[in-house]
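K.L.:
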Amino acid sequence: MSPVIPIHAEHTPSPGACATPPGALAQVLRERGQHEVFCGLTGIVWLHRKMQDAFFLVVGSRTCAHLIQSAAGVMIFAEPRFATAILDERDLAGLADAHDELDRVVGQVLARRPNLRTLFLVGSCPSEVIKLDLSRAAERLSRVHGPHLRVLNYSGSGIETTFTQGEDACLAALVPTMPDAPDETPELLVVGALADVVEDQFARLLAQLGIARVRFFPGRRSAQLPSIGPGTRVLLAQPFLADTARALVARGARLLGAPFPIGVEGTTRWLGAAAQAFGIDAQTLEHVTAPARHRAAKALEGPRERLAGRRIFFFPDSQLELPLARFAQRELGMQLLEVGTPYLHRQQHAEELALLPADTRIVEGQHVDRQLERCLRNRPDLTVCGLGLANPLEAQGLATKWSIEFVFTPIQGYEQAGDLAQLLARPLHRHALLSAA
Ligand code: SF4
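Okay, so the sequence shown: first residue is 934 according to the working numbering, each after it adds one.
Here it is, written out as C-alpha cells:
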C-alpha cells in the first residue's frame, strides 16, 4: 500500500406529513442495462466540506485517487481532509498484509492531523474485490486511537451504485454511533448534507415557525452527533438517503412524508410537513414564509420566461431527478419528456410522484442505449445527464446540463430557487449563442 497521497497534487477543473396525499399517479418504466454513473466516492467531495473534523481515507486504486482528485480539483488551495491509500500490486496479489499497511497509513494521517474526531475508511471496488475487511480494520483502529478518534467504514464502490449513494452509506454508518435520546421530547432532525448557508436559512425559518429543537445531520462537527429516539421526527432534505432513513427509523425515529425542499413549492410543503408534525398552524407557516416565498417567486420570473414550454429530458444519475422535474414542470412551465432516476424509493418519493403529471414518463434504472435513442429521437431543448453523456449529446446538437452540478451547488430552499432556475436556463442561452455563431 502506498503512502497517503494528498489530494491536491493534481488539478483538473471540475464541473444535484404533507397536504398532498401520496399516490403514484405517474407511470414508471423499469429498465436495466448498461449504466453510466459515477461511484459513491464522489460524495466525499461535499461531505468533507460539511463535516469539518472528519477525514475520508479511500482504500482503493489509482483510478479512485484520480476520480476524487478530478471531482474535488477546486480544493487545491485548501488543506485536504481526504486522501487515498493506494492498493498496489503486492496488496492485490495478497503478498502484503493490507491491514498492517493500513494501520501505518492511518498513523501517518493522524500524525499530520491530530485534531480529527472521525476517520472514515472508505471502501472501493478494488478493496471489495480483494475482500479487505474494513469493518474489522475500523474496529481495531478505533480501539487503538479512541476515544478521541472514532474510526468508521462504509463503501463508496461503484459496483451497482450511483454517486449520491456514497452520502447515504456514510450517514448510515454514523447512525449506530448516535446517542439515545434521554426522553421522548419531540425533536426535528433534518437529514442530508446541506451547504452551511442553506442550513442556516432553514434553521432560522424553523425557529421562526416555533420549532425549538432542531438538529441537522450531518452537522458541521461529526463528533457532536444528535441523539435519536421515539421523539425524533426525521425530515429528509435529500432524496437519496434510503438506508439512512431506514436505520433512523430502526432506532425509533419517525419519518415525515414531504416533497424535497427544491423550489418555492417544495420548500413550502417541506416546511409544512415539519410544521404539521409540531402542531403549528397553517397561518403561522404562511406568515413566516411569505417574505422568502415572494422573493423566490420574483427570482423565478426571468428564468421562467426563457424556460416555459421548453422540453426537458432527465437521464438517471443523481436521484434528484424527480424533485427537479417537479420544479421544472410546476414552477417553470417546462414540459417533461422523460424523467430517469437510478432508483425510485416509492415511500420517500410518494409526495413527489403525486405532484407530477399523470402522463409523465418515469424510468427507473438505466439502459443507456435505449435512453439515448429516445433522447435523440425526442430532441429535447435541455437534457440533464451525467458528464459522460454530455459531450456526445452536445455533439449531436443538444443542450445539456451536468446533473452532478445540482449536487455540488446549493439549490435547496427559497433563496436558492432563482439560482436553481438559472442552472437550467444557462445551457439554453449558451446553446443559442453557439448556434448563432
Ligand atoms: S470505487 Fe470503483 S468505480 Fe469508483 S473510482 Fe474506484 S474503481 Fe472506479
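The C-beta atom is built at its ideal place from N, Cα and C for all residues, glycine as well.
Under 7 Å between the Cβ atoms of A1156 and D1033?
P.N.:
As a working note, residue 1156 is residue 223 in the sequence shown. As a working note, residue 1033 is residue 100 in the sequence shown. No, the Cβ-Cβ distance between A1156 and D1033 is not below 7 Å.
K.L.:
Compare the beta carbon distance of Q1304 and F1248 with 7 Å and say whether it is the shorter of the two.
P.N.:
If you number the sequence shown from 1, residue 1304 lands on position 371. If you number the sequence shown from 1, residue 1248 lands on position 315. In this structure, F1248 lies closer than 7 Å to Q1304 by Cβ.
K.L.:
What residue from L1322, D1113 and T1293 has the CA that sits closest to Q1268's CA?
P.N.:
In the sequence shown, the residue the question calls residue 1268 occupies position 335. Checked all of L1322, D1113 and T1293; the closest Cα to Q1268 is T1293.
K.L.:
With 16 as the cutoff for other CB atoms within 10 Å, does P1236 come out buried or exposed?
P.N.:
By 1-based counting over the sequence shown, the position of residue 1236 is 303. Label assigned to P1236: buried.
K.L.:
Are T1165 and A1145 close, meaning C-beta to C-beta below 7 Å?
P.N.:
What you label residue 1165 is simply residue 232 of the sequence shown in a count that begins at 1. What you label residue 1145 is simply residue 212 of the sequence shown in a count that begins at 1. Against a cut-off of 7 Å, the Cβ pair of A1145 and T1165 comes out as no contact.
K.L.:
Looking at the unbroken beta strand (DSSP E) that takes in L962, where does it start and where does it end?
P.N.:
On the sequence shown, position 29 is the one that residue 962 refers to. It spans Q960 to R963 - the beta strand (DSSP E) in which L962 sits, taken as one unbroken run.
K.L.:
According to DSSP, is N1324 helix, strand or coil?
P.N.:
Numbered from 1 along the sequence shown, position 391 holds the residue referred to as residue 1324. Of the three classes helix, strand and coil, the one that applies to N1324 here is helix, per DSSP.
K.L.:
So the candidates are T1097, L1104, A1102 and F1053; which of them puts its Cα closest to the Cα of R1083?
P.N.:
What you label residue 1083 is simply residue 150 of the sequence shown in a count that begins at 1. Here the closest residue by C-alpha is F1053.
K.L.:
Identify whether I1295 lies in helix, strand or coil by the three-state DSSP scheme.
P.N.:
Position 362 of the sequence shown, counted from the first residue, corresponds to residue 1295. Of the three classes helix, strand and coil, the one that applies to I1295 here is strand, per DSSP.
K.L.:
Can you name, in chain order, every residue of its own chain whose Cβ lies under 7 Å from the Cβ of P954, other than the five neighbours on each side?
P.N.:
Here residue 954 refers to the residue found at position 21 of the sequence shown. Residue confidence for P954 is low, a pLDDT of 39 falling below 50, so the modelled location carries little weight; the figure read from the coordinates is stated next. Excluding positions up to five away in sequence, the list reads A1287.
K.L.:
Taking G1298 as the reference, which of H1278, G1273, H1282 and R1312 has the closest Cα?
P.N.:
Counting from one through the sequence shown, the residue named residue 1298 turns up at place 365. For G1298, the nearest C-alpha among the options comes from G1273.
K.L.:
When the distance is taken between beta carbons, is F1015 closer than 7 Å to H981?
P.N.:
On the sequence shown, residue 981 is found 48 positions in, with the first residue counted as 1. On the sequence shown, residue 1015 is found 82 positions in, with the first residue counted as 1. Contact: yes.
K.L.:
Any chance you could list the alpha helix (DSSP H) runs of at least 4 consecutive residues sitting entirely within the stretch 1170 to 1232, in chain order?
P.N.:
Counting whole runs of 4 or more residues, the stretch 1170 to 1232 contains the alpha helix (DSSP H) stretches 1175 to 1183 and 1196 to 1210.
K.L.:
Given 8 Å as the limit, is there contact between the stretch 1173 to 1190 and the stretch 1228 to 1246, that is, 3 or more CB pairs closer than that?
P.N.:
These segments do not touch.
K.L.:
Just to confirm before moving on: does the CB-CB distance between K983 and P1109 stay below 7 Å?
P.N.:
Here residue 983 corresponds to residue number 50 of the sequence shown, with the count starting at 1. Here residue 1109 corresponds to residue number 176 of the sequence shown, with the count starting at 1. No, these two residues do not count as a Cβ contact at 7 Å.
K.L.:
Identify which residue in R1363, A1358 and Q1349 has its Cα closest to the Cα of D1129.
P.N.:
Residue numbering aside, residue 1129 sits at position 196 when the sequence shown is read from its first letter. Ranking the options by Cα distance to D1129, first place goes to Q1349.
K.L.:
Do V1039 and V991 come within 7 Å of each other at the CB atom, strictly closer than that value?
P.N.:
Counting from one through the sequence shown, the residue named residue 991 turns up at place 58. Counting from one through the sequence shown, the residue named residue 1039 turns up at place 106. Contact: no.
K.L.:
State the DSSP-derived secondary structure class of S994, mapped to helix, strand or coil.
P.N.:
The residue given as residue 994 occupies position 61 in the sequence shown. DSSP places S994 in coil when its eight states are reduced to three.
K.L.:
Please report the distance separating the alpha-carbon of L1265 from that of V1123.
P.N.:
Counting from one through the sequence shown, the residue named residue 1265 turns up at place 332. Counting from one through the sequence shown, the residue named residue 1123 turns up at place 190. So the alpha carbons of these two residues sit roughly 27 Å apart.
K.L.:
Can you give me the start and stop residues for the alpha helix (DSSP H) that E1120 sits inside?
P.N.:
As a first step, residue 1120 must be located in the sequence shown, where it is residue number 187. Per DSSP, E1120 belongs to no alpha helix (DSSP H); it is in the beta strand (DSSP E), E1120 to V1124.
K.L.:
Look at the Cβ atom of A1106, then the Cβ atom of A1180, and state whether they are nearer than 7 Å.
P.N.:
Numbered from 1 along the sequence shown, position 173 holds the residue referred to as residue 1106. Numbered from 1 along the sequence shown, position 247 holds the residue referred to as residue 1180. Taking 7 Å as the Cβ cut-off, A1106 and A1180 do not qualify as a contacting pair.
K.L.:
Here's a check: name, in chain order, each residue in its chain whose Cβ is nearer than 6 Å to the Cβ of P1112, leaving out the five neighbours to either side.
P.N.:
The residue you call residue 1112 lines up with position 179 of the sequence shown. Counting only Cβ-Cβ distances below 6 Å, and skipping sequence neighbours, we find S1160.
K.L.:
Thinking just about the alpha-carbon of each residue, which of Q1280, A1208 and S1368 is nearest to the one in L1138?
P.N.:
The residue labelled residue 1138 in the question sits at position 205 within the sequence shown. The residue with the shortest Cα to Cα distance from L1138 is A1208.
K.L.:
Could you tell me which of A1354, A1071 and L1255 sits nearest to E1271, measuring between CA atoms?
P.N.:
Here residue 1271 refers to the residue found at position 338 when the sequence shown is read from its first residue. E1271 has its Cα closest to that of L1255, out of A1354, A1071 and L1255.
K.L.:
Say the cut is 6 Å; is the CB of S1057 nearer than that to a heavy atom of the ligand SF4?
P.N.:
Within the sequence shown, residue 1057 is the residue found at index 124, counting from 1. For the ligand SF4, at least one heavy atom lies less than 6 Å from the Cβ of S1057.
K.L.:
So what's N1086 in DSSP terms, helix, strand or just coil?
P.N.:
On the sequence shown, residue 1086 is found 153 positions in, with the first residue counted as 1. Correct three-state label for N1086: strand.
K.L.:
Are S1057 and S1003 closer than 7 Å when you measure CB to CB?
P.N.:
Taking the sequence shown and counting its residues from 1, the one referred to as residue 1057 is at position 124. Taking the sequence shown and counting its residues from 1, the one referred to as residue 1003 is at position 70. No, they are not a contact pair.
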